[in-house]
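Heads up: the sequence shown is residues 1 to 181, going by the numbering used here.
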Amino acid sequence: MKLYIVRHGQSAWNAEHLVCGSTDAPLTEKGHAQAAEVARTIAEIHKEHPIDLIIASPLQRALDTGRAIQVACGDIPLITDDRIREIDFGESEGLSTRDQDFQNRKAQFPYVHGEGESMLRFVHRVYSFLDDIRVRYADKTVLLACHNGIIRVAESYVHSMTNEEFMSYVVKNATVSQYDL
1 MKLYIVRHGQ
11 SAWNAEHLVC
21 GSTDAPLTEK
31 GHAQAAEVAR
41 TIAEIHKEHP
51 IDLIIASPLQ
61 RALDTGRAIQ
71 VACGDIPLIT
81 DDRIREIDFG
91 ESEGLSTRDQ
101 DFQNRKAQFP
111 YVHGEGESML
121 RFVHRVYSFL
131 DDIRVRYADK
141 TVLLACHNGI
151 IRVAESYVHS
161 MTNEEFMSYV
171 VKNATVSQYD
181 L
């Protein structure tokens with residue numbers, strides 16, 4: 001299975017450096033432009049390696065990015081899947097990403113963020129999703145339109161990482177990652 005993963009374009013909260021897990025922050029004007037640009041990049045890839053399916057997070061910033069890709073590639077089927085929503089940081093949503101207390105809590109994998117979820121539960125959710133699509137779409141090329149956290153977990157699914165490598169792994173908005181599963 002060939003898997004492409006695209007991080008959504010810049011969201012309003014990304015632009016303000018706010019913790020934006022499961023909060024449904026919209027794309028900025030720059031984010032829409034980034035989505036259009038990455039859609040053109042994917043359309044070129046699609047010519048050489050046809051993409052069979054787009055699976056998007058239901059959060060609007062990722063869904064808008066997925067739809068831009070869908071249109072640029074000629075209406076590839078697009079579905080959403082709740083399992084690739086960004087992590088729910090609970091009471092930490094909306095804090096500065098530079099808040100040291102938040103960063104310390106985030107690095108404690110079993111810590112449950114208030115009414116949100118722990119990193120361990122989040123990783124389990126995403127690993128289960130990846131296990132499922134590996135079987136369901138074994139002979140397909142699939143593109144995910146989702147979030148940095150999902151890409152971080154996918155990277156750890158494919159490549160061994162230390163805790164420090166995992167926590168510091170960040171991809172820029174509208175970046176394409178590729179995996180052969």
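We put the beta carbon where it would ideally sit given N, CA and C, even for glycine.
Bear in mind the structure is a predicted one, so any value in this text is a computation, not a measurement.
Query raised in the report: For Ile79, does the count of other Cβ atoms within 10 angstroms reach 16, so buried, or fall short, so exposed?
Result: Within the sequence shown, the letter at position 79 stands for residue 79. Label assigned to Ile79: exposed.
Query raised in the report: If you draw a straight line from the alpha carbon of Ala39 to that of Gln70, how long is it in whole angstroms?
Result: Looking up residue 39 in the sequence shown gives position 39. Looking up residue 70 in the sequence shown gives position 70. Cα to Cα, the separation comes out at about 8 Å.
Query - Span separating the alpha-carbon of Val171 from that of Asn148 - result: Within the sequence shown, residue 171 is the residue found at index 171, counting from 1. Within the sequence shown, residue 148 is the residue found at index 148, counting from 1. Between Val171 and Asn148, the C-alpha separation is close to 6 Å.
**Report entry** Contact set for Asp139: own chain, Cβ-Cβ below 8 Å, skip 5 residues either direction
**Finding:** Here the question's residue 139 lines up with position 139 in the sequence shown. Cβ neighbours of Asp139 beyond the five flanking positions: Met1.
Requested in this report: Check whether the Cβ of Thr23 sits closer than 7 Å to any heavy atom of the ligand PLP, and report yes or no.
Outcome: By its list of ligands, the structure shown contains no ligand whatsoever, and the ligand PLP lies outside what it can speak to.
Query - C-beta neighbour in chain B for His46, strict 8 Å - result: Note that chain B does not occur in the displayed structure, where there is just one protein chain.
Query - Nearest-angstrom Cβ-Cβ length linking Thr23 and Glu93, presumed shorter than 8 Å - result: As a working mapping, residue 23 is identified with position 23 in the sequence shown. As a working mapping, residue 93 is identified with position 93 in the sequence shown. Their Cβ separation, rounded to whole angstroms, is 5 Å, which keeps Thr23 and Glu93 in contact under 8 Å.
Query raised in the report: Cβ of Ile54 within 8 Å of Cβ of Ile84?
Result: Position 54 of the sequence shown holds residue 54. Position 84 of the sequence shown holds residue 84. It is not a contact, given that the beta carbons lie outside the stated cut-off.
Query - Entirely enclosed alpha helix (DSSP H) segments - the region 96 to 138, minimum 4 residues - result: 100 to 106, 119 to 136
Query raised in the report: With burial defined as no fewer than 16 other Cβ atoms inside 10 Å of the residue's Cβ, what is the status of Glu86: buried or exposed?
Result: For the purposes of this step, residue 86 is identified with residue 86 of the sequence shown, where counting begins at 1. Classification of Glu86: buried, given that the 10 Å Cβ count is 16 or more.
Query raised in the report: Taking DSSP as the reference, what is the three-state secondary structure of Arg61?
Result: Position 61 of the sequence shown, counting from 1, holds the residue named residue 61. It is helical.
Query raised in the report: What is the DSSP secondary structure of Gln178, reduced to helix, strand or coil?
Result: Indexing the sequence shown from 1 puts residue 178 at position 178. It is a strand residue.
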